[in-house]
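Visitor: For reference, the structure I am asking about is given below.
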Amino acid sequence: ESGQPRYKRVLLKLSGEALMGDRSFGVDPAVIQRIAAEVEEIAAAGVEVGLVIGGGNIFRGVSLAASGMHRATADKMGMMATVMNALSMQDALEQQRLKARVMSALQMHEVCEDYIRRRAIRHLEKGRVVIFAAGTGNPFFTTDSAASLRAIEIDADIVIKATKVDGVYSDDPVSNPAAERYAHLTYDDVLARRLNVMDATAIVLCRDHNLPLRVFNINKPGALMRVVQGEDEGTLVER
Ligand code: UDP
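Per the UniProt record's numbering, residue 5 is the first one in the sequence shown, and the count goes up by one each step.
Right under this line is the structure:
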């Protein structure tokens with residue numbers, strides 16, 4: 005039976021690169037508006053949506069550290085980049101007439117709310133999209149880990165990781181046409197074979213809390229809706 009959402013509450017992870025489109029830096033407004041429209045569709049179907057947004061389109065801690073900056077400082081810059089992306093997404097969601105709230109792991113009171121777990125859950129119950137910004141608030145972590153962490157905290161039914169390809173493949177599907185898409189993987193497959201899904205910290209968090217994870221192509225129109233309907237879209241990682 006298609007149409008009915010399979011999940012009540014989801015955590016969608018968007019990398020900074022997903023917002024960049026074909027640009028080499030920053031945010032492409034057309035891309036962010038299209039993603040916001042797809043989020044609006046699943047919200048209209050009754051799904052409660054939390055978003056974790058990356059910052060790699062602006063600053064990435066490892067890259068700054070490679071040119072000599074202390075990693076802890078570089079990571080603070082990366083976290084602040086995620087707040088900028090979160091504000092772009094909040095604006096785009098509001099243009100879709102959704103209610104949205106940015107909640108940051110770093111305090112920025114003139115800009116957004118603090119992340120307070122119980123308040124985040126209240127927003128979700130009221131149908132507001134919650135955008136979790138500044139990752140975990142700690143250096144040496146990633147927004148993938150923040151996605152797993154927030155998903156566990158808010159009792160999300162699934163983590164949905166947006167990528168540029170149709171899931172996890174046996175090889176690079178762009179250079180190797182014979183590469184096969186995996187419909188299902190276990191967390192331990194991903195870890196043992198070092199498959200490029202999310203970093204190991206993020207996968208271990210999902211595994212230890214039995215939180216399913218689906219990787220899908222954000223550039224494929226309608227794919228997000230199919231994911232929340234439980235269709236065979238992308239790759240499902242579970243126990
Ligand atoms: N970051 C961090 N702690 C976190 C999440 C992110 O220090 O909990 C920093 C880190 O420097 C990272 C940057 O923020 O490189 C941007 O996040 P990420 O690389 O995860 O973004 P994405 O690759 O998803 O765009």
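Just so it is clear, CB atoms sit at the ideal spot from N, CA and C, and this is done for glycine as well.
1) Considering only heavy atoms of the ligand UDP and the C-beta of each residue, which residues fall inside 5 Å, strictly closer?
2) For residue 116, is the classification buried or exposed, using 16 other Cβ atoms within 10 angstroms of its Cβ as the cut-off for buried?
3) In chain order, what residues of the same chain have a beta carbon less than 7 Å from the beta carbon of residue 214, not counting five sequence neighbours either side?
4) Rounding to the nearest angstrom, what Cα-Cα distance links residue 169 and residue 155 in this structure?
5) Check whether the Cβ atoms of residue 206 and residue 151 sit closer than 8 Å, and answer yes or no.
6) State the beta-bridge partners of residue 220 as determined by DSSP.
7) Using only CA atoms, which one of 160, 21, 79 lies nearest to residue 138?
8) One question on the structure: do residue 46 and residue 209 come within less than 8 Å of each other, judged by their Cβ atoms?
9) Just to confirm my understanding: we take residue 69, look at its own chain, exclude 5 residues before and 5 after, and list those with CB closer than 7 Å. What are they?
10) Tell me which same chain residues have a C-beta within less than 6 Å of the C-beta of residue 220, skipping the five on either side of it?
11) At which residue ranges does the segment 169-236 contain complete alpha helix (DSSP H) runs of 4 or more residues, listed in the order of the chain?
Guide: On the basis of the coordinates in this document:
1) 19, 20, 58, 59, 60, 64, 65, 79, 82, 83, 139, 140, 143, 145, 146, 147, 150
2) buried
3) 243
4) 23 Å
5) yes
6) 166
7) 79
8) no
9) 75, 78
10) 227, 231, 237, 238
11) 191-196, 204-212, 227-232
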